[in-house]
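K.L.:
Below: one structure in structure tokens.
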Amino acid sequence: MSNLRDFTFIDDFGDLCLNESDSDVVFHIGDTQVPAHEFVLVQRSPVFRKMFIKEDGKFKNQSIMLTATPLEAFKQFLKFIYTGVIDFDKLLFNVVKDIVELAFVYEVTQLKEWAIEHLEA
1 MSNLRDFTFI
11 DDFGDLCLNE
21 SDSDVVFHIG
31 DTQVPAHEFV
41 LVQRSPVFRK
51 MFIKEDGKFK
61 NQSIMLTATP
71 LEAFKQFLKF
81 IYTGVIDFDK
91 LLFNVVKDIV
101 ELAFVYEVTQ
111 LKEWAIEHLE
121 A
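Structure, rendered in structure tokens:
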């Protein structure tokens, strides 16, 4: 029997999160560059779909400044976008609150519902 870890789809896809490899969009938060992949973002958020896809249906490379977005909340938000997984119990209240705001802005319904449920518990 092998001792190698069995990788799941979520693990493999999660490895893309915050990975510059093949990324085609960069979010700028302060002095930090956060790489992402448009094909993932547009599948998970109608706002990203409108933002990234031109009328001819093709993607356009993007560099996006996020001036009022907290870095830790955005990284956790992206992790959810890529994996559908988030552990609110390991996050500070303010980070969860910021994630709720991001979920509203980018219309990520499942994350919004889970985060609100966590805050109300």
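Per the UniProt record's numbering, the sequence shown starts with residue 1, numbered consecutively. We put the beta carbon where it would ideally sit given N, CA and C, even for glycine. In this text the structure is predicted, and so the values were computed from the model without any measurement.
(1) For F74, which of S23, D24 and N94 has the nearest alpha-carbon?
(2) Return the first residue and the last residue of the beta strand (DSSP E) that P35 is part of.
(3) Cα separation between M65 and T8?
(4) Taking the C-alpha atoms as reference points, what is the distance between F39 and V96?
(5) Write down the C-beta distance between V26 and Q33 rounded to the nearest angstrom, noting that I regard them as a contact closer than 8 Å.
(6) Going by DSSP, what residues sit across from V40 in a beta bridge?
(7) Would K112 and C17 qualify as a contact pair, given that the criterion is a beta-carbon distance under 7 Å?
(8) By alpha-carbon positions, which one of I99, V85 and L102 ends up nearest to I10?
P.N.:
For this structure:
(1) Residue 74 sits at position 74 when you count from the first residue of the sequence shown. The candidate whose alpha carbon is nearest that of F74 is N94.
(2) Here residue 35 is taken as the residue at index 35 of the sequence shown, counted from 1. That run of the beta strand (DSSP E) goes T32 to A36.
(3) Counting from 1 along the sequence shown, the entry for residue 65 is found at position 65. Counting from 1 along the sequence shown, the entry for residue 8 is found at position 8. About 33 Å.
(4) Along the sequence shown, one-based indexing puts residue 39 at 39. Along the sequence shown, one-based indexing puts residue 96 at 96. Roughly 25 Å between the two C-alpha positions.
(5) Here residue 26 refers to the residue found at position 26 of the sequence shown. Here residue 33 refers to the residue found at position 33 of the sequence shown. That belief holds up - the Cβ atoms of V26 and Q33 are roughly 5 Å apart, short of 8 Å.
(6) The count along the sequence shown starts at 1 and reaches residue 40 at position 40. Per DSSP, none; premise fails for V40.
(7) Counting from one through the sequence shown, the residue named residue 112 turns up at place 112. Counting from one through the sequence shown, the residue named residue 17 turns up at place 17. Their beta carbons are not under 7 Å apart, which means K112 does not touch C17 by this criterion.
(8) Taking the sequence shown and counting its residues from 1, one reaches residue 10 at position 10. With distances taken between Cα atoms, I10 lies closest to V85.
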